[in-house]
Amino acid sequence: MTASPAHDLPISPSPLGAALPRFEDDRLLRGDGRFVADLAPADALHVAFARAAQGPARLTEIDTARASAMPGVRLILTGADTRGPGRAAVNPLVENLDPGDWPILAHDRVAAAGQAVALVVAETLAQAQDAGEAIGIETEALDGLPAAPCFSQTWNSGDIDTAFANAAKVVRLELTYPRVAPMALEPRAVLASWAPAGLGVHLSSQTPHRARADLAAILGIPARKIRVVAPDVGGAFGGKASLTPEEAAVALAATKLDRPVLWVATRSEEFLAGPQGRALELAGELALAANGRCLGLRADVDAELGHWLTYSAVVPARNAARILPGPYRIDALAVNVKGGRTARPAVGIYRGAGRPEAAMLMERLVEKAARALGADPIALRRANLRPPDGFHDGADFAGLLDAAARARPARRGALHGVGTALYVEPCGQGSESATLRHDGAGRFTLATGATTQGQGRETAYSQIAAGALGVTPDAIKVIHGDTGATPAGVGALASRSTAIGGSAVLEAAERLIAELGQRDWANAPIGQVAVSYKAPDEAWASGAVVASVTLDAETGTPTIERIVLIDDAGVVVNPTLVEGQLRGGLAQGLGEALFENVVYDAHGQLLAGSLMDYAVPRAGDIPEVALISRPTRSRNNKLGAKGVGEAGCIGVPAAIANAILAALAPLGVEHLELPMTAAKIWRAIREAEKTR
Ligand code: SMO
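For the sequence shown, the positions run 1 to 692 when our numbering is used.
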């Protein structure tokens, strides 16, 4: 990443006092991290999965005879062995949710190519893989099945028909937001051991307590006899917020063996069967008065959910719907969402989870409207902003837009484009836990129900606690990610961990001071408090992005020259950590705008199954970035913080898309599908030349 010359404005100083940043997390940077695979003892057994070559299909035969006799093989499980008493939960956030079944291994029927059919446990990984390949799997293809509907919901307000009847102009947009792969550096990994006392599971997870509850239901073991530990987690991005069938299968295998069992997914397995993101079809219609006022918005969001439902399967579509119309005041709204199961890998939350999709629809509609009315896109936005008191949380949309307007470079000739996007980010509702103990002599132990996947949670939480307790952050030891050592909690997702988990930490510190009646820690007794902090309402972050791009006339290659990201994260605890979140999200947002797409052929065969075929952004693809912090305090939680984990990727894809379309507009190009690759841009330029 090119270093930004200087931030245009400093990221806001921490209001939490003198607490200094402390990088306990820097051991990850030093290579001292301990991930699931690092924890496997020498006697651990190894797992490989045999997977179906096609789907949907009837599973006519599984022949394990040859594999069972191969060297080192200790156990083979097939679908018939996995019919447990329960299934993993699905969050019932919408009406009429039909969660479908949750197969651990395919049984009778293969739902999608790549679904696991059998699990092999052997002494070595090579032996497990060899035996896996020796399992005979016979299938008969079934016709591609139509999507099986599993939910729908509508949001209506105002008089939509009158709004459209009165419109001077209506602009429409349909777009496909492609399937993308979360691409954590560490793929899914599980190390499970069984003993008379119960089941111990090391899991690369962002939600260990949820995983424990799911394992209890699936295996029929009381939750108190299961301990799930998420050690260092090498990225998650939503992809590790839901227990997956393979992880359940490994835990089940461990209960049948007297040695630990390790499975680490290969990168290919992650492409083939790991939870993916986005995969929404969006359509919108915006009704405008002649003066540019937006009168009404109709939108449809259609989610393709894959063959089993992740815990948060409905969240992206629901988020996209409930966010619309984002930062704008539009009195008449009709938004429909629906989702259906398909013969593909499961789709779940992925960094942004519906927010980038909503911003893409809304911000492209707004730019399209500006073009149709011959209006300035900034002025058109300004005419439609929600007033400061007309939003769910503290926000300054006019200030964000002014900063964006100042950041827009002048257009520099043909094939140069500047794009803008505003965004909103619901980020932090509900509750999180914290236990804080004064161990004596001014040392503290903080246990949180939130977790971390490299965000630097230990650093931020110790700063929050230390600021309130009046000690230095190194007096606080932070424990997380262990159902055996932390209070039950949600984990780390939905950009909530600082806003909600951090508020729990602040409340615990205040309660401990009250409990012990003093802050003279050298002389204070040992004492402990446990809190479950529930936010009175949901925090909403917001921001604006300006991207500038030049297209190469000969090759179509888009060069993003500069991105200015203006973010309102509320109270900032640690500016360095916030900057890391924004830059990481920005890189992922750029990737999905320009390169990323999990492509299948007409038979459901994965075509983008490796990093040779699926393009993620590299350091050289990241332009000059300027981060501008414009915080307004959240009024919806104790800390005043908003989320920032997803902010970087919400507005960036829309701003890049708008920049590319602005560059192409003089050629008469009105639409391009995502990702906006050089090939698509090149074709659009050629087609435009032909029709002139
Ligand atoms: S997409 Mo996130 O980890 O809620």
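Quick reminder that beta carbons are idealized off the backbone N, C-alpha and C, glycines included.
Tell me whether residue i counts as near ligand 1, meaning its Cβ is closer than 8 Å to at least one heavy atom of that ligand.
i    : result
Y350 : yes
A241 : yes
E588 : The question names Glu, but residue 588 is Gln in the sequence shown. Outside the cutoff, so no.
S542 : no
Q206 : yes
A184 : no
L493 : yes
E646 : yes
G238 : yes
A353 : yes
S68  : no
S312 : yes
Around the Cβ of residue i, are there at least 16 other Cβ atoms within 10 angstroms (buried) or fewer (exposed)?
i    : result
H671 : exposed
T244 : buried
T576 : exposed
E646 : buried
S433 : buried
K256 : exposed
G440 : exposed
R278 : buried
L185 : exposed
P85  : exposed
V599 : exposed
T498 : buried
L582 : buried
L29  : exposed
A509 : buried
S242 : buried
D108 : exposed
Between residue i and residue j, what straight-line distance do the alpha-carbon atoms span, to the nearest angstrom?
i    : j    : result
G390 : R341 : 37 Å
I681 : I349 : 29 Å
M612 : A602 : 21 Å
A122 : A569 : 49 Å
L191 : V264 : 9 Å
R322 : G543 : 17 Å
G643 : G502 : 11 Å
R364 : P409 : 19 Å
L97  : S152 : 8 Å
R519 : P525 : 11 Å
V337 : A57  : 29 Å
N636 : R34  : 36 Å
A494 : G428 : 7 Å
G354 : N523 : 51 Å
K169 : A492 : 44 Å
L9   : R381 : Note that L9 has pLDDT 26, beneath the 50 cutoff, so the model's placement of it is unreliable and the number below is only indicative. Approximately 23 Å between the Cα atoms of the pair.
I685 : A414 : 12 Å
A303 : A313 : 9 Å
G604 : Q54  : 8 Å
Can you check which of these residues, the options, is closest to residue i by C-alpha distance?
i    : options                   : result
L446 : Q463, Q455, G454 and G430 : Q463
L305 : P149, L59 and G604        : P149
P356 : I656, G651 and Q54        : G651
E592 : T139, A165, P178 and P92  : P178
E133 : V120, A375, A657 and N384 : V120
V490 : L97, A230 and L28         : A230
R298 : I660, T310 and D331       : D331
A587 : R618, V598, G609 and I566 : R618
M183 : A654, A626 and G609       : G609
W102 : A615, A112 and H480       : A112
S629 : A684, L664 and V545       : V545
M362 : I500, E561, G326 and A530 : G326
F237 : D32, V418, A421 and T452  : T452
L674 : M360, T154, R686 and P275 : M360
L280 : G481, L93, N597 and V201  : N597
S204 : R259, R109, V347 and L39  : L39
L77  : A395, V117, Q54 and P275  : V117
A248 : R457, A547, L105 and R411 : L105
T82  : N166, I218 and E425       : I218
T557 : A655, R683 and L512       : R683
Inset, instruction - Pick out the complete beta strand (DSSP E) segments inside the stretch 165–205, 3 residues or longer, and give them in chain order. - result: Inside the stretch 165–205, DSSP marks whole beta strand (DSSP E) runs of 3 or more residues at positions 169–180, 189–195 and 198–203, from first to last along the chain.
Inset, instruction - Could you name each continuous beta strand (DSSP E) segment of 3 residues or more that falls completely within the stretch 312–359, going from the start of the chain to the end? - result: 332–341
Legend entry - Uninterrupted alpha helix (DSSP H) stretches inside the stretch 382–425 (no shorter than 4 residues): 397–407
Inset, instruction - Could I get the ranges of all uninterrupted beta strand (DSSP E) runs contained in the stretch 233–270, with 3 residues as the minimum, in chain order? - result: 261–264
Inset, instruction - Give, in chain order, every unbroken run of the beta strand (DSSP E) that is at least 3 residues long and sits entirely within the stretch 87–166. - result: 116–122, 136–141 and 148–157
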